[in-house]
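Worksheet: one structure, shown below.
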Amino acid sequence: MTDQSASNLLTLPILSEVGLQTYPMSTLYVLATPIGNVCDISLRALHVLSLVDAIACEDTRNTAHLLHRYGVSKPLIAAHQHNEHEVAEKIVARLQAGERIALVSDAGTPAVSDPGARIVDAVLKAGLRALPLPGASAAIAALSVSGLLNDQFQFVGFLPSKARQRETVLASLDSVSATLIFYEAPHRIVETVDALLQAFGPTRQIVLARELTKLFETVHRCALTEAPAWLAADPMRQKGEFVILIDSPPVAVDDGAEGDRILKILLAELSVKQAAALAAQISGQKKNALYDRALVLKAEQDAAQ
Ligand code: SAM
């Protein structure tokens, strides 16, 4: 079967372009599935699902149901967190025999808070190829509508369920200068939001992204101190699947006082250039700005003498 003819799902001329790319044999295709709305799957993903020899999946019933919706029928291999190690060996053997295998999880992108990484690791260690079929991931979907401005983010995933361990993890994240992304289940959402409030204080922004792409999709952003009351106001708000985002801590405002203090001490002993260079190392501020400021301070010192 050629790549071009493998998918009978594709009828519009433009859609046939998915088959123009080659999909090598002996390759694991790590394929994202929808996180809610069944239509959120890529055309290439559908093509590859219809092309592969078998599909490794977290829960065969879920995946069979999903494939049925797409009109695809393929042999399934159960690949969940309890058998990932053994199934990885079987998948490697099948890939070595020349097969193409897709790897999917129950929802979203495999290996993102889901099984998959061990299988990919085994495939790579065997000198075989893993290629992504990118698509939905709840973390990225939530981040995209958060409006939080920091370009950096840290994906934390699920926090430990035990309070002490959770506090330790949260304490280690308090000063991270990035948007923090958590996953949470409905039965722990209230407890987790309380823990976030304790750990990060009242003023940082929180985004609660619930049931993304589904019927009761909700994205709510507020100060952390307001989040418990928002959740309590309507029991429906505590139901479903959640991504929680926490804005990065505010950057300390530099009014120039600390830079001036350091420069004045250094200028008593060093040249303007040396003082600016050293002050930049000590304070972490920009050398050029400190150099300009040092010139002013030096002139003031000279005039006062
Ligand atoms: N692999 C998936 C991904 O790429 O997003 C994540 C799987 S993880 C086992 C499931 C968690 O993802 C849920 O508990 C929830 O925190 C988050 N999640 C999945 N679907 C979601 C959705 N539609 N809306 C909000 N969060 C979702």
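Each residue of the sequence shown is one higher than the last, beginning at 585 in this note's numbering.
C-beta: ideal position from N, C-alpha, C; glycine also.
From a predicted model like this one, the values you see are computed outputs, not experimental measurements.
- Sort 781, 828, 787, 797 by Cα distance to residue 804 and report the nearest one. If you number the sequence shown from 1, residue 804 lands on position 220. Cα-wise, what sits closest to residue 804 is 828.
- So who's on the other strand from residue 692, going by DSSP bridges? On the sequence shown, residue 692 is found 108 positions in, with the first residue counted as 1. 617.
- Task: With residue 640 as the anchor, note down where its beta strand (DSSP E) starts and where it stops.
- Result: Within the sequence shown, numbered from 1, the residue matching residue 640 stands at position 56. 638-641 is the span of the beta strand (DSSP E), which, as asked, contains residue 640.
- Item | Whole-angstrom distance between residue 650 and residue 740, CA atom to CA atom | The count along the sequence shown starts at 1 and reaches residue 740 at position 156. The count along the sequence shown starts at 1 and reaches residue 650 at position 66. Answer to the nearest angstrom: the Cα atoms are 28 Å apart.
- Message: Please determine whether the Cβ atom of residue 866 lies at a distance below 7 Å from any heavy atom of the ligand SAM.
- Response: Numbered from its first residue, the sequence shown carries residue 866 at position 282. Result no, Cβ not under 7 Å from the ligand SAM.
- Run the proximity test for residue 655: is its beta-carbon closer than 7 Å to any non-hydrogen atom belonging to the ligand SAM? Sequence index remark: in the sequence shown, residue 655 carries index 71 (1-based). Flag unset: Cβ of residue 655 not near the ligand SAM.
- Span separating the alpha-carbon of residue 598 from that of residue 719: Translated into the one-based positions of the sequence shown, residue 598 becomes position 14. Translated into the one-based positions of the sequence shown, residue 719 becomes position 135. About 19 Å.
- Item | Residues near residue 700 in its chain [Cβ-Cβ closer than 7 Å; skip 5 each side] | Walking along the sequence shown from the start, residue 700 turns up at place 116. Here the set comprises 614, 687, 689, 694.
- Item | Check whether residue 671 and residue 661 have beta carbons under 8 Å apart | As a working note, residue 671 is residue 87 in the sequence shown. As a working note, residue 661 is residue 77 in the sequence shown. Yes, the Cβ-Cβ distance between residue 671 and residue 661 is below 8 Å.
- Pick helix, strand or coil for residue 800, following the three-state DSSP scheme. Taking the sequence shown and counting its residues from 1, one reaches residue 800 at position 216. Residue state, collapsed to three classes: coil.
- Message: Taking the straight line between their C-alpha atoms, what separation do you get for residue 723 and residue 797?
- Response: Translated into the one-based positions of the sequence shown, residue 723 becomes position 139. Translated into the one-based positions of the sequence shown, residue 797 becomes position 213. Going from the Cα of residue 723 to the Cα of residue 797 covers about 13 Å.
- Rounded C-alpha distance that separates residue 880 from residue 862: Within the sequence shown, residue 880 is the residue found at index 296, counting from 1. Within the sequence shown, residue 862 is the residue found at index 278, counting from 1. Their backbone Cα atoms lie some 17 Å apart in a straight line.
- Message: Rounding to the nearest angstrom, what Cα-Cα distance links residue 733 and residue 757 in this structure?
- Response: As a working note, residue 733 is residue 149 in the sequence shown. As a working note, residue 757 is residue 173 in the sequence shown. Cα-Cα distance, rounded: 18 Å.
- Query: On the premise that residue 713 lies in contact with residue 611, defined as a C-beta separation below 8 Å, what is that separation, rounded to the nearest angstrom?
  - Reply: Reading the sequence shown from its first residue, position 27 is the one you call residue 611. Reading the sequence shown from its first residue, position 129 is the one you call residue 713. Sure, about 5 Å apart at Cβ, within 8 Å.
- Query: For the ligand SAM, any of its heavy atoms closer than 7 Å to the Cβ of residue 620?
  - Reply: Mapped onto the sequence shown, residue 620 falls at position 36. It does: the Cβ of residue 620 is within 7 Å (strictly closer) of some heavy atom of the ligand SAM.
- Task: Tell me whether residue 752 is buried or exposed, calling it buried when 16 or more other Cβ atoms sit within 10 Å of its Cβ.
- Result: Taking the first residue of the sequence shown as position 1, residue 752 is located at position 168. The residue in question, residue 752, is exposed, as its Cβ has fewer than 16 Cβ neighbours within 10 Å.
- Query: Hey, is residue 767 close to the ligand SAM, as in C-beta under 7 Å from one of its heavy atoms?
  - Reply: Position 183 of the sequence shown, counted from the start, is the residue given in the question as residue 767. Yes, the ligand SAM has a heavy atom inside 7 Å of this Cβ.
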